[in-house]
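Heads up: the sequence shown begins at 315 in the numbering used here, then just goes up one per residue.
Okay, so here's the structure we're looking at.
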Amino acid sequence: MFAGRDASVLGDRPLNPWGQIPNGVRPRPDWIDDEALAHYVDAFSDPLVWEHAISYYRYALPFHEVLEDPTRACGERYRSLSEQDVADYWLHPAGMEKNPAWPRFADYGPEDRHKQFPKPTLWLYGGYLGGSMEEGRTAVPAGNPFLDQFARYFPDLRARSVGGGHFLGEECAGYVNDCLLRFLSGAL
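Set out below in structure tokens:
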């Protein structure tokens, strides 16, 4: 749902990356009550709000291409992607997953790629990026540069799949709270 309307109003790829969301009426998730839905619809009914929400990702998360460079101690260098580079990526005619740059995954924090946090770290992931809509999987997701980076940064990574999409704390509050309490008590 976008601005209180079905996502189908956005059309098909490349302008609409949400092809996996079925069009039409669907039951409302139980974690969205009438008040929350009305607030969301009201807030996003103004197209200027969309511009600012998108600008957050545009300017707060500046993407970089990671390039191999054997002449550097870290073995890589970074090229800042312009707004046009990112737009071309997202607007690939066949969808962003078909863009030749897709397998490389842009990085928005290259200055931290060498850092590690050795303490226990909990990673709760859902179907949005982690690929699981079930609860309780403990394997650390892997298989592409985006997923693989987490184990590199956090060598003591404890992962739990959450049966939700992107907003895990709202979608699966009980399970998320249970995982957090168990992690903070040392049981995970």
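Note that the Cβ used here is the ideal one computed from N, Cα and C, for glycine as well.
If distances are taken between C-alpha atoms only, which option among Pro341, Tyr467, Asp360 comes closest to aspartate 426? Tyr467
Cβ contact check for the region 372 to 392 and the region 403 to 421: 3 or more pairs under 8 Å: yes
Through-space distance from glutamate 411 to proline 469, alpha-carbon basis: 29 Å
Would you check if the region 390 to 404 and the region 434 to 443 touch, i.e. whether three or more CB-CB distances between them fall below 8 Å? no
Segment contact, 8 Å Cβ cut-off, at least three pairs: the region 447 to 458 with the region 474 to 488: yes
Please state the DSSP three-state secondary structure of serine 475. strand
Between the alpha carbons of phenylalanine 316 and phenylalanine 481, how many angstroms are there, rounded? Summary for phenylalanine 316: the model assigns pLDDT 45, below 50, so the residue's position carries little reliability; its value from the coordinates is reported in the next sentence. For phenylalanine 316 and phenylalanine 481, the distance between alpha carbons rounds to 15 Å.
In whole angstroms, what is the alpha-carbon distance linking valine 490 and isoleucine 346? 16 Å
In angstroms, rounded to a whole number, what distance separates the CA positions of tryptophan 364 and phenylalanine 358? 7 Å
When Ser394, Phe431, Pro414, Gly440 are compared against proline 424, the one with the closest alpha-carbon: Ser394
Burial state of proline 407 (16 or more Cβ within 10 Å): exposed
Hey, how far is the Cα of aspartate 344 from the Cα of proline 384? 52 Å
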